[in-house]
Each structure stands twice: as C-alpha cells, then as structure tokens.
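Accompanying notes for the structure given below.
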Amino acid sequence: MSEKVILVLVDGMRPDGMMGCGNPFAEKLIKESTYSLTAQTVMPSVTLPCHMSLFHSVDPERHGILTNTYVPQVRPIEGLFDRLDKYDKKCAFFYTWEELRDLSRPDHLHQALCINQHYQSDTDIKITDAAIKYINEENPDFLFLYLGETDEVGGHDCGWMSEQYMKSVSKALSCTEKLKNSISDDYTIILVADHGGHDRCHGDDIPEDMTIPIVFCGNRFEKGKELGTISIKDVAVTIAKLLEVTPAKEWEGTSVI
Numbered sequence: 045m046s047e048k049v050i051l052v053l054v055d056g057m058r059p060d061g062m063m064g065c066g067n068p069f070a071e072k073l074i075k076e077s078t079y080s081l082t083a084q085t086v087m088p089s090v091t092l093p094c095h096m097s098l099f100h101s102v103d104p105e106r107h108g109i110l111t112n113t114y115v116p117q118v119r120p121i122e123g124l125f126d127r128l129d130k131y132d133k134k135c136a137f138f139y140t141w142e143e144l145r146d147l148s149r150p151d152h153l154h155q156a157l158c159i160n161q162h163y164q165s166d167t168d169i170k171i172t173d174a175a176i177k178y179i180n181e182e183n184p185d186f187l188f189l190y191l192g193e194t195d196e197v198g199g200h201d202c203g204w205m206s207e208q209y210m211k212s213v214s215k216a217l218s219c220t221e222k223l224k225n226s227i228s229d230d231y232t233i234i235l236v237a238d239h240g241g242h243d244r245c246h247g248d249d250i251p252e253d254m255t256i257p258i259v260f261c262g263n264r265f266e267k268g269k270e271l272g273t274i275s276i277k278d279v280a281v282t283i284a285k286l287l288e289v290t291p292a293k294e295w296e297g298t299s300v301i
C-alpha cells in the first residue's frame, strides 16, 4: 500500500549541530527512525544545487545548476514533484526562500506557499503552522517543508556551531516535532539537510560542508537503525518507492528500502 510522505529540510543543519543543540527531540527522533549522521551532499555544497540534486537525483554537473541562480536545464531531468504529479499524487511545497520555486515545473503542485525569510521574522514557525493546517485539511500524498532560518540567521549571520546557530537548529527541530505531533501517524516523515557549513560559509568539499543528517521515520523503517554513508540523491528514489511511483530513468540514487 502506498505511503504518504512529509519531507522536512533544515537548511545548513550539520549532524553535530542537530545532535548537540540541546533539543531532546533530536535523540527521540533518532531512536524512532532509520537514519544516517554521515550522509553526503553534492558539490558544490550550495543551497540551490543541493536542492536540485535532492529533487532530481543527479549531481549538479548533470542538472546544470552550479550556483544559487536557476538556469533552465539543457537536457531536462524530471524532478520529484513532476514525477509524482504524473502518477496523480497530490503534492505541496511550503518554503521560505523564493529561489527554490523552480524545484517544480508549472502546474505540478496542488498548493505552494512561500513566506519570504528576507522580509519577515520567525518564518520557520509560520511556514510550519501553515503546512500543518494544509496537511490536516487537504491530506496530500507528498509535502515538502523547507526551514531556512538555520542557514540564514544562524550560519551566515553568526557562524556555524555558534550559539545563535545552535538555537536556530533547536528551533527547526521544535518545528519538526510540532508537525510530527500534529498530523496523522500515517505519514512518513523524512528529515534532511541540504549541506553543512563552517565559519560563516559553505560550498567547499570538506566534511563540515558535505556531511548531512538524513532521518526516515515511519511504518516502513526500522527504529534505531543506523545506515552507512548514503547520498542526498537517494532521497527522491526512496520517496518514489514509498509512494509506489517508478523513479525517472535518469535518477542515479538508490532507495534505502
């Protein structure tokens, strides 16, 4: 039977930040999930290229997005939203960084909402509350929730692993916990980051930037099971498997189930 999936991405969340921020939900979630704290993102370890690789299951050199500026793909690869829509899955996208809008091509989303973090405060909380309301009213098959304060307010403004960064990570985890406790247990929740960071930047091929957490919490996943080093490219393939959708032929990732 097909599952329903919520994908939560915390921008710039390092595994040691997740586990060391002091939020007890991190340890609780790990115990309830199949997870990796040594997963790897792609180079360049920059937000839009990493998101494109997450949703298209190929490296940036294949999808062609190498900076935070979107350009049309020369050889287009079907993205996760577009693939799920082809199978009549109801999809939604709630985010706080407008540059992500091109993760889906036009007319493939039932609902999309951007609360721009450049113009408002507490956007992680606001977008989470909006997503919870939508999930409980519309029961989507797949929803992507992007939380961006960890990268913008924590990492770039104050530095990765700084006090403010750790507070931002804890805030994002509290948002994830609120979402998990507010929706049906029928949903699988996947928690991931796009990249890590060091000092006040990211984008390098170093462990601090390249290592990310990926956590799978749901009926199909063994509790407390630690995976080896998996890739951000594996996420789309795993979601397709959960939703009983055949992956696009160009996708390079591997399902973890």
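FYI, in our numbering the residues of the sequence shown are 45 to 301. Cβ atoms here follow ideal geometry from the backbone N, Cα and C, with glycine treated the same way.
(request) Please name the residue in 238, 172 and 76 whose C-alpha comes closest to that of residue 255. (result) Taking the sequence shown and counting its residues from 1, one reaches residue 255 at position 211. For the residues 238, 172 and 76, the minimum Cα distance to residue 255 belongs to 238.
(message) I'd like to check one pair, residue 287 with residue 80: are the Cβ atoms closer than 8 Å?
(response) Here residue 80 corresponds to residue number 36 of the sequence shown, with the count starting at 1. Here residue 287 corresponds to residue number 243 of the sequence shown, with the count starting at 1. No, the pair does not count as a contact, with Cβ atoms beyond the cut-off.
(request) Kindly give me the distance between the Cβ atoms of residue 258 and residue 274, rounded to whole angstroms, as I take these residues to be in contact under 8 Å. (result) The count along the sequence shown starts at 1 and reaches residue 258 at position 214. The count along the sequence shown starts at 1 and reaches residue 274 at position 230. The Cβ separation is near 6 Å, so the contact holds.
(request) Determine the extent of the alpha helix (DSSP H) in which residue 37 is found, giving its start and end residues. (result) What is shown of the chain runs 45 to 301, which leaves residue 37 out entirely.
(request) Check whether the segment 201-219 touches the segment 163-174, counting contact only when three or more Cβ pairs, one atom from each stretch, lie closer than 8 Å. (result) yes
(request) For the alpha helix (DSSP H) containing residue 84, list its first residue and its last residue. (result) In the sequence shown, residue 84 corresponds to position 40, counting from 1. Per DSSP, residue 84 belongs to no alpha helix (DSSP H); it is in the beta strand (DSSP E), 78-84.
(request) Give every residue of the same chain whose Cβ lies closer than 6 Å to the Cβ of residue 249, excluding the five residues on either side of it in the sequence, and list them in chain order. (result) Taking the sequence shown and counting its residues from 1, the one referred to as residue 249 is at position 205. Counting only Cβ-Cβ distances below 6 Å, and skipping sequence neighbours, we find 87.
(request) Mind checking who residue 69 pairs with in its DSSP beta bridge? (result) Position 25 of the sequence shown holds residue 69. Bridge partners of residue 69: none, in fact.
(message) Check this for me: beta carbons of residue 56 and residue 240, under 8 Å apart or not?
(response) In the sequence shown, counting from the first residue as 1, residue 56 sits at position 12. In the sequence shown, counting from the first residue as 1, residue 240 sits at position 196. It is a contact, given that the beta carbons lie within the stated cut-off.
(message) Mapping the DSSP letters down to three states, classify residue 220 as helix, strand or coil.
(response) On the sequence shown, position 176 is the one that residue 220 refers to. In this structure, residue 220 counts as helix in the three-state DSSP scheme.
(request) For the segment 88-107 and the segment 260-274, state whether three or more C-beta atom pairs, one from each stretch, are separated by less than 8 Å. (result) At 8 Å Cβ cutoff, the stretches do not touch.
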